[in-house]
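What the sequence shown shows, in our numbering, is residues 2 to 228, in sequence order.
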Amino acid sequence: MTLYKLTSQLFLFLVSFRRKISKGVPVSISEMRSQLYRIFDEQEALARREMRMEQLYKRVKYPLTALADEILLISNWEHAAEWKDELLEKRLFGTSISGSEFFKQAEELLRSNLSHKDDIEVAQIFYICLCLGFNGKYNEGNDEPHNLRLRLYRHLPENISSEEAKLTPEAYHITPTTGKKLQHVVNLVRVAIVCIGFCILYLIINQALWYETIDAIHRVVEETIGK
């Protein structure tokens, strides 16, 4: 099991929540609370089965918590304001500083040079959180989240294991070439190929939810490549 596979249930759930809110489907605060608690409990239980995964999960539990809280708080959900008193961060960590702490932890990770495979797996989770819209203390339109996302992106390619590559978009990879235009074309072709693969995968596994999650990440990756 990879860290991405372990945590993918949360990403799917948050994408599903966004879809429900955009369609005007009512979601109670008690429902959100119980489902998020269940997901985090299940992730932790699965992580405990393997010592390495348990240690990795401890490193990403905070950014995952920060992402979940922010998505609920900035949505058009009728209970968004009430969620300030229900923050997962307060329950799990006793703090409410994720707007800055997320970026602090990401910077510390980058300073380690991501020389170990475990660091790459952790960086991937931070990257996906940013792809799904985490801005923290920065206002929408601020370049800092994008810049951090780009810096993480640049560290992922050559260090992602073959197993991990099967479970995550190959769009994360940057293939070194002498021509930038060729590199962009190659990356875009890879994105297209992976999109097709994930279309097949989501039909088998989770239909629209899986596709929507990956599609959201791909849009950001293409933006990153374009810039």
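Glycine included, each C-beta is placed from N, C-alpha and C at the ideal position.
Open item on the list: Please report the straight-line C-alpha distance between I175 and Y154, rounded to a whole angstrom.
Closed with: Here residue 175 is taken as the residue at index 174 of the sequence shown, counted from 1. Here residue 154 is taken as the residue at index 153 of the sequence shown, counted from 1. Its pLDDT being 37, under 50, I175 is placed unreliably in this model, and the coordinates cannot settle the point.
Open item on the list: As a quick exercise: from R20, S31, G25, R53, pick the residue whose alpha carbon is nearest that of M2.
Closed with: Reading the sequence shown from its first residue, position 1 is the one you call residue 2. Nearest option by C-alpha distance: R53.
Task: Counted within 10 angstroms of its Cβ, other Cβ atoms place Y38 as buried (16 or more) or exposed - done: Numbered from 1 along the sequence shown, position 37 holds the residue referred to as residue 38. By the 10 Å Cβ count, Y38 comes out exposed.
Task: Residues of its chain near F104, where Cβ-Cβ distance is below 7 angstroms and the 5 sequence neighbours each way are ignored - done: On the sequence shown, position 103 is the one that residue 104 refers to. Excluding sequence neighbours, F104 sits near G137, L149.
Open item on the list: Considering only their Cβ atoms, is the gap separating E102 from T66 smaller than 7 angstroms?
Closed with: If you number the sequence shown from 1, residue 66 lands on position 65. If you number the sequence shown from 1, residue 102 lands on position 101. For T66 and E102, no; Cβs fall outside 7 angstroms.
Open item on the list: Taking the straight line between their C-alpha atoms, what separation do you get for K118 and G100?
Closed with: Here residue 118 corresponds to residue number 117 of the sequence shown, with the count starting at 1. Here residue 100 corresponds to residue number 99 of the sequence shown, with the count starting at 1. It is roughly 27 angstroms from the alpha-carbon of K118 to the alpha-carbon of G100.
Open item on the list: If you measure between the beta carbons of L57 and L4, is that distance less than 7 angstroms?
Closed with: One-based indexing of the sequence shown puts residue 57 at position 56. One-based indexing of the sequence shown puts residue 4 at position 3. Yes; because the gap between Cβ atoms is below 7 angstroms, this pair is in contact.
Open item on the list: On the criterion of 16 or more Cβ atoms from any shown chain inside 10 Å, does T8 qualify as buried, or is it exposed?
Closed with: The count along the sequence shown starts at 1 and reaches residue 8 at position 7. Classification for T8: buried.
TODO: Could you check the C-alpha separation between R19 and E55 for me, to the nearest Å?
DONE: For this step, residue 19 is matched to residue 18 along the sequence shown. For this step, residue 55 is matched to residue 54 along the sequence shown. If I take the Cα positions, the gap works out to 29 angstroms.
Task: Given 8 angstroms, three or more beta-carbon pairs between the segment 69-86 and the segment 25-33 - done: Contact between the segment 69-86 and the segment 25-33 is present, because at least three Cβ pairs lie under 8 angstroms.
TODO: Starting from H156, trace the alpha helix (DSSP H) both ways and give me its first and last residue.
DONE: Locating residue 156 in the sequence shown gives position 155, where the first residue counts as 1. From DSSP, the alpha helix (DSSP H) with H156 extends over 144-156.
Open item on the list: With the cut-off set at 7 angstroms, would you say I40 and L11 are in Cβ contact?
Closed with: By 1-based counting over the sequence shown, the position of residue 40 is 39. By 1-based counting over the sequence shown, the position of residue 11 is 10. Taking 7 angstroms as the Cβ cut-off, I40 and L11 qualify as a contacting pair.
TODO: Could you spell out the range, first to last residue, of the alpha helix (DSSP H) harbouring L111?
DONE: Position 110 of the sequence shown, counted from the first residue, corresponds to residue 111. Run containing L111: 99-112, per the alpha helix (DSSP H) assignment.
Task: Cβ separation of I121 and L157, assumed to be a contact under 8 angstroms, to the nearest whole Å - done: Here residue 121 is taken as the residue at index 120 of the sequence shown, counted from 1. Here residue 157 is taken as the residue at index 156 of the sequence shown, counted from 1. Yes, they are in contact, since the Cβ atoms of I121 and L157 sit about 6 angstroms apart, within 8 angstroms.
- [ ] Could you have a look at M2 and say whether DSSP puts it in helix, strand or coil?
- [x] In the sequence shown, the residue the question calls residue 2 occupies position 1. Reduced to three states, the DSSP call for M2 is coil.
Task: C-alpha gap between A46 and K59, whole angstroms - done: In the sequence shown, counting from the first residue as 1, residue 46 sits at position 45. In the sequence shown, counting from the first residue as 1, residue 59 sits at position 58. Roughly 12 angstroms between the two C-alpha positions.
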